[in-house]
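Worksheet: the structure to be examined is printed underneath.
In our numbering, the protein residues as written are 3 to 300.
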């Protein structure tokens, strides 16, 4: 059985990343967005790892993609791939976080889509929307508005990454992908930060609310003629932040060969770092509290 992964990382440092953290400075697009060729060159270390493990790689899609985060837009590396069980996923995770650290990125993540009978303690709900025909981003305003303002319990869907259509154009896409990563969102969303801090199991409650919201949204989206499929999935994730890249990279270099029996997944991923939803949120909240007390945070 193949495992599906995707990553979240950008080379861009201005306008998008800063705007969503509260800066009012917005620079002209030609001074901010890297060229598509630069984005692909940026991802070469990870692509080299995938090439080295070619027998384990079933398919790999890579390209420059446009992502939206709150009110900002970012050009990022779109990389998703399917691999066999012997693929060294933790080596790729280390390469990802080294790239993020070396390019001064605030956050980066790698996710493995869980199979229907799997579960981990670092699982996050995600939404994948596939179009019947490739669509231009400029024609998706109504759909993006529907997704962002969908009512009900859960948190507003404040960002997405486009799925490339394969024709080499950033503006032409085959779908949208969203994954709920509260430890990233709380950097700029103070309401979400307060909600999580107010309840002992606030993270778990919000995750379940968000999954319910995505499920209801999928029912609505699947009624639209342009949508081929809208689906709720759960993904096992490892998220790195600028505060802890060095620690993550060091831990990824020294991993246990065997894990305790009884894991509810076919392939250990976040479990190899002993990650849980509660633990990672508590750690990120502590970092943000430290930034505020030192005058660096929002």
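Ideal placement from N, C-alpha and C gives every residue a C-beta, glycine not left out.
By the neighbour-count criterion, in which a residue is buried when 16 or more other Cβ atoms sit within 10 angstroms of its Cβ, residue 236 is buried.
Per DSSP, reduced to three states, the secondary structure at residue 43 is helical.
Distance from the CA atom of residue 156 to the CA atom of residue 126, rounded to whole angstroms, is 13 Å. Bridge partners of residue 69 according to DSSP: 76, 163. Per DSSP, the unbroken alpha helix (DSSP H) holding residue 194 starts and ends at 192–200. In the three-state scheme derived from DSSP, where H, G and I count as helix and E and B as strand, residue 61 is classed as strand. The Cβ neighbour count for residue 43, taken over all protein chains shown within 10 Å, is under 16; the residue is labelled exposed. DSSP places residue 5 in the uninterrupted beta strand (DSSP E) bounded by 5–12.
Distance check between residue 49 and each of 70, 114, 95, 88 places 95 closest, using alpha-carbon atoms only. Within a 10 Å sphere around the beta-carbon of residue 143 sit fewer than 16 other beta-carbons, which makes this residue exposed.
Between the alpha carbons of residue 183 and residue 10 lies a gap of roughly 11 Å. Residue environment for residue 14: buried (at least 16 other C-beta atoms within 10 angstroms of its C-beta).
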